[in-house]
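Quick notes on the structure that follows.
Number of protein chains: 2
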Amino acid sequence: MRTLISAFMLLFVALPVKAETGHDLWLRKHSANPVKVVCSGNSATLSIAMNELQQGWQGETGASIVLAVKPDKSIKGDGYKLTASGVQANTELGILYGVYELLRRQQTGPPVKEEVSNPSYERRVLNHWDNLDGSVERGYAGHSIFWRSGEDSLAVTEKDKALWLEYARANASIGINGTVLNNVNASPKILSGEYLMRAKAIAEALRPYGIRSYLSVKFSSPSLLGGLKTSDPLDPQAIQWWETKAKEIYRLIPDFGGFLVKANSEGQPGPQDYGRTHAQGANMLADVLKPYGGIVMWRAFVYSSEDKDRARQAYAEFMPLDGQFRDNVIIQVKNGPVDFQPREPFSPLFGGMKKTSVMPELQITQEYLGHSFQLVFLAPMWEETLQSDTYQEGPGSTVARSTNGSLFPQKYSAIAGVANIGIDANWCGHHFAQANWYAFGRLAWNSGLTSDRIADEWIRLTFSPNSKERPDALKTRDWQEKFLIPVKEMMLQSREAAVNYMMPLGLHHIFAGTHHYGPGPWYAPKGTRPDWTPPYYHQADTSGIGFDRTRSGSNAVSQYHEPLASQFNDLKTCPEIYLLWFHHLPWTYKMKSGRTLWDELCYHYEKGVVQVRQFQKVWDRAEPYVDAQRFSEVQSRLRRHYRDAQIWKDACLLYFQQFSRLPIPYDVERPVNDLEDLMKIDLKWLHHN
Amino acid sequence: MRTLISAFMLLFVALPVKAETGHDLWLRKHSANPVKVVCSGNSATLSIAMNELQQGWQGETGASIVLAVKPDKSIKGDGYKLTASGVQANTELGILYGVYELLRRQQTGPPVKEEVSNPSYERRVLNHWDNLDGSVERGYAGHSIFWRSGEDSLAVTEKDKALWLEYARANASIGINGTVLNNVNASPKILSGEYLMRAKAIAEALRPYGIRSYLSVKFSSPSLLGGLKTSDPLDPQAIQWWETKAKEIYRLIPDFGGFLVKANSEGQPGPQDYGRTHAQGANMLADVLKPYGGIVMWRAFVYSSEDKDRARQAYAEFMPLDGQFRDNVIIQVKNGPVDFQPREPFSPLFGGMKKTSVMPELQITQEYLGHSFQLVFLAPMWEETLQSDTYQEGPGSTVARSTNGSLFPQKYSAIAGVANIGIDANWCGHHFAQANWYAFGRLAWNSGLTSDRIADEWIRLTFSPNSKERPDALKTRDWQEKFLIPVKEMMLQSREAAVNYMMPLGLHHIFAGTHHYGPGPWYAPKGTRPDWTPPYYHQADTSGIGFDRTRSGSNAVSQYHEPLASQFNDLKTCPEIYLLWFHHLPWTYKMKSGRTLWDELCYHYEKGVVQVRQFQKVWDRAEPYVDAQRFSEVQSRLRRHYRDAQIWKDACLLYFQQFSRLPIPYDVERPVNDLEDLMKIDLKWLHHN
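Respectively, the protein sequence lines represent chains D and V.
Residues 127 to 815 (my numbering) make up the first sequence, in order.
Residues 127 to 815 (my numbering) make up the second sequence, in order.
Okay, structure coming up:
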């Protein structure tokens, strides 16, 4: 028997992989081959580029690479050209980007031929919702990497600087060139001298990697910080206060990018407090920053509790102002009209505003998609948004084209992603959440990349065995078939799975409590704004479910350009993925599948749970190909992922069944929790691990 | 749409059934047809019999029934003969039993022909593990129906008496004729005057229904209660103390049944404390009770922490004493050699002791089978034990025959069941736990009944729609096909399902903590007796799993009569259901299925969980046929049942996998919990609902 056991154990524990914390992200160290680098210039950025090549060269031993900053008409902005001899670019940063691409291609393929790559968006910006006390709003990976509380909160340590450099390098490697250092729900203190000094230190760490720093500002800062009587954007003293502050900032941070502003939104102050429009507020700040080349990213995330359809409001508020904004104002618009839900149709402001720069805001941090507990790859969701056709200038007027300058003239093009980064060893909490950071950067650079390609790259970079530790064979067929392909498939399915077990068929915002993690279709504590409660969104009663946004309802459909408006309005043509977003329908409404709406809902919830069960299997099969630490951390999170998917299904089916009064189809697995228990766990969600 | 909805809702809520608490057990009220009852005698018991007939007659309207106490050679003890004209019996109690059978058959079939029914066991006794403060050891249905704490704890109220009458009637209806009123871990106070007065009141309520009362006594009562210096069974003063006490008891309760004694077991005092044997201790009490016709039920549940195999000890201790016991002593032996596990081979004392009366002790309360949270029908387990062949007097020497007097001469035959009864409205906590009380009574009366027949009867009596509320059609084909058959199948599978998800293939006693509910194969706190910890029983290590009780191990196999000893000893012939009970085997041992032992374990755990998932489906489908209260209470418990089965599977597979170091087969669903979390929830088990 002993022989048999040994044989089995060998098979099972074969080829142990060294534990990894995940801190190296997609930039894991590989033993490099010697390479000769010829560089025509000399700067911090070029030194980085040369160093990266020498530390990471996986190509032919002794190859010679030329890095040339040399204008070329085919190269735009910080784009680059890869050639047989090396990298050419207009700018030093372009050289660095080209080097990262060259090294990436050595690990991910396909082989480099002569090719040019230019960025889709000029400004590719992370938004950190980091508070000055170190907490991170909607952050699930530990505290802020920029700010902390305590006595030494403002001291810049060597450890701080080392971490910021790693952060800058990771961002540069995927083309991110800007970062907003603090929460959009901004403290006025960020503009005080001591916090600006820390911002300066951060900016200095990021600068060689081409990352510009930005700050979120509170619109009432002149009053709150400056002690002025008003922050009215037309008040000369207020304007002067901002001018003085801008001067101070640019003295400290000469390449400062500009301000991000959340105004007149969810309790934040703004120009409307003084009887001024969003345009007047944004333009005042834009004028202040203009002399320095700074920009204003002005968020369109506004809604009041009075309106009967929150989804209509940003459009209603901002469209009349189209054309009134300065050319260095960009309106920052969330991908959907409500709020980063698992699935939303695109915001009609994309393409709707034609005379104003508009930038998409995506959420990398998984506020509504399972925090760092669930494996949800977001690239498919962003791809869905960016490739949605607005029809504003005829077919092909995608959201991407309507925001990247190719459809409308706009001085600046930009895209923002709300960061999922914290001081956790692996940066993002969930190892697979790193893929979302990666995907945002890659899509910001090239919004035409497919989710498949992004996942493929990321898996190869993040999990490919180091050549010294593992036989090279693993990188080839065996590794591809048994690891790469199934893991990629899992990632590509994961967002649809989340939609299935959370809110399929156009359901949205049925989360419990304010944590936006678990289910709470019932959640409506007394005194809460209706538009902050799920029943406002799902509208379920015995007659049916869904939000009527048709022409006979809130008429949100009319904010879309034809043929979309009619398509969404008409039950026959409305895509079923958006069905309950636009329509209130009886439980027995007949779906395209021939099933009733109620049955279809049940099958979607079931499918989501079964998908996660399958993800567990995929990952367990991947064990031989992953180091023990990352394997078991992901395995453990997938187990929780499954349990919570089950809870989502049970909660939603049992809650809605009270209205549908229909049985759950018997080929669907029964709920395994009682509704009354599920309704009690709201606040335990975040701690129940 | 409105029409469609209404149609669906009608279908779904059709034929509402009145809510039931379950308090009526299998004796639910039905509107009775008029019947004429002729009875030759006049007594409390006969009045009950006549009243039951008149209240419950479902036969021909105006029929005439004769109840005749008249000797008949074919009738034994309290047996009865059912004839075309009525019920004949040797005793009044026999008449009552015949009446209950007659009424039962009217509801369950088959039609009565002339037939005689005699009890398999003469004494059919419930053991209540009820403490005098009202708590119930291993009770999961609320506090004691006999005892309570507080100032008025000894006052006998009308409510008490009404409840005791209901209890007596339920027992009589299934043939139970004795009950031990207090815990085998007995307080000496039970023999004090005030508690005896309460026992007297209980006995009076039970008497007309033919239920004799018994008491558990602490062996050291002479010292603890009487203040004597010793309780040595050979000490004249101690003997005299018992004689005086017996006299007192029989003055209060003339038909008092006798004593139940747990001696020198788990810390309880006993004759060995005074250098005497179990026989000397039991015989002393037997002599004291003899003049009154009382008996001593002396438990064989003994084991010391020193012995290397707990399973061997009761046999080792008692076999040498065979023949030394008085004829009014019955050795009460648990069905298996360890302790009421989900599956054990029968105790070798059955049939082993040939010159001593031996009675089986079964556990109705689900200490090791999911408490009142899990639906586990125990009749199949008891049937398995009672029909096991001991081979002691050749083939056919079943456990039943070796204890009911048909194989060995014994003055008394008896069977005990540890009650699952408390003050919960439905008596047993889980509605389906009532079936175990029912099954015990029915098997005690007729140990040849099949589990199928018992379940069939119980379901018909417990869930059959009342004729006035529901169309009679429901009782026929539709009801049978859609309710009776699937629910019965669920019940019949439920014990094997529990074995599967708890401890398949002969595993035993791998429970967490001391509550014996959830899994705890790891449970071994410092300082705990090894034989109270699961690793003592599963013996898992990297080389394998299982307790070696073969001839080269503890040699427990030799306690069985051939051919069993050799059959259990030999891997080729040992039934796989007992495999790890008798053998320690490598993880890669090849099973009859061709699978490895490890894989086979995994598939059994998986199967158990999937079975419970199926039970949920069966029950949900039963909704139209059950009142709303019982439906939803059972539905809720099945949900918990599923969750806890999942936890069992995850805990055992993940724990044992640490030793097997083998992957869980990929067609088995992945664990959804982390082992480290499961190891923390030990003590939360009982409250986590």
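Glycine is no exception: its CB is placed at the ideal position from the N, C-alpha and C atoms.
Note that this is a predicted model, so its numbers are computed, not measured.
Using a Cβ-Cβ cut-off of less than 7 Å, list which residues of the stretch 789-806 of chain D approach chain V; keep chain order.
-> Pro789, Tyr792, Glu795, Arg796, Pro797, Val798, Asn799, Asp800
Using a threshold of 8 Å, state whether the C-beta atoms of D:Pro521 and D:Gln685 are closer than that.
-> no
For V:Ile541 and V:Asn409, the rounded distance between their alpha carbons | 20 Å
Any C-beta of chain B sitting closer than 8 Å to the C-beta of D:Asp725?
-> Any reference to chain B falls outside this structure, whose protein chains are D and V.
Put D:Ser523 into one of helix, strand or coil per three-state DSSP.
-> coil
Which residue or residues does DSSP assign as beta-bridge partners of D:Ser483?
-> D:Ile456
Amino acids of chain V, ordered along the chain, whose beta-carbon sits closer than 8 Å to that of D:Asp746 | Pro789, Ile790, Tyr792, Arg796
Within the 8 Å Cβ cut-off, does V:Gln742 reach chain D?
-> yes
List the residues of chain V whose Cβ lies closer than 7 Å to the Cβ of D:Tyr768, in chain order.
-> Val798
Under the rule that 16 or more other beta-carbon atoms within 10 Å means buried, what is D:Gly653, buried or exposed?
-> exposed
Give every residue of the same chain whose Cβ lies closer than 7 Å to the Cβ of V:Thr129, excluding the five residues on either side of it in the sequence, and list them in chain order.
-> Below a pLDDT of 50, predicted positions are generally treated as unreliable, and V:Thr129, at 42, falls in that range; the measurement from the model is reported next regardless. So no residue of the chain qualifies.
Assigned exposure category for V:Thr187 - 16 Cβ within 10 Å defines buried | exposed
Going along chain V, which residues have a C-beta under 9 Å from D:Arg739?
-> Glu795, Arg796, Val798
Taking V:Gly407 as part of the alpha helix (DSSP H), name the residues at either end of that continuous run.
-> 404-415
Quick one: Cα of V:Gly212 to Cα of V:Gly449, how far?
-> 44 Å
8 Å Cβ cutoff, D:Arg765 in contact with chain V = yes
When we look at the beta-carbon of V:Glu595 and count the other beta-carbons within 10 Å, is it buried (16 or more) or exposed?
-> Reliability of the predicted coordinates at V:Glu595 is poor, the pLDDT of 48 falling under 50, and no value is obtained from them.
Cβ neighbour criterion (16 or more within 10 Å) applied to V:Gly574 | exposed
Run down chain D in chain order and give the residues with a C-beta less than 7 Å from the C-beta of V:Ser762.
-> Asp800
Counting pairs of Cβ atoms below 8 Å between the stretch 540-560 of chain D and the stretch 496-514 of chain D, do you hit three or more?
-> yes
Run through DSSP, which three-state label would V:Pro656 get?
-> helix
Look at the Cβ atom of V:Val262, then the Cβ atom of V:Gly477, and state whether they are nearer than 8 Å.
-> no
Chain-order list of residues whose beta-carbon lies under 8 Å from that of V:Asp582 (same chain, five-residue window excluded) = Thr234, Leu610, Lys614
Looking at V:Asp746 and D:Arg675, is the spacing between their C-beta atoms short of 8 Å?
-> no
Report yes or no: do the stretch 367-381 of chain V and the stretch 403-422 of chain V share at least 3 C-beta pairs separated by less than 8 Å?
-> yes
Could you pull out every unbroken alpha helix (DSSP H) segment of at least 4 residues lying fully inside the stretch 567-617 of chain V, listed in chain order?
-> 577-589
At what residues does the alpha helix (DSSP H) containing D:Phe476 begin and finish?
-> 475-478
Identify, in the order they occur along the chain, each residue of the same chain with its Cβ nearer than 6 Å to the Cβ of D:Thr699, setting aside the five sequence neighbours on each side.
-> Gln693
Residue of V:Gly260, V:Gln755, V:Glu726 minimising C-alpha distance to V:Gln783 | V:Glu726
To the nearest angstrom, report how far apart V:Ser590 and V:Leu151 are at their CA atoms.
-> 12 Å
V:Asp515 - partner residues in DSSP beta bridges = V:Thr524
Same chain only: Cβ atoms within 7 Å of D:Gly352, ignoring 5 sequence neighbours per side = Trp367
Three-state secondary structure (DSSP) of V:Pro471 = coil
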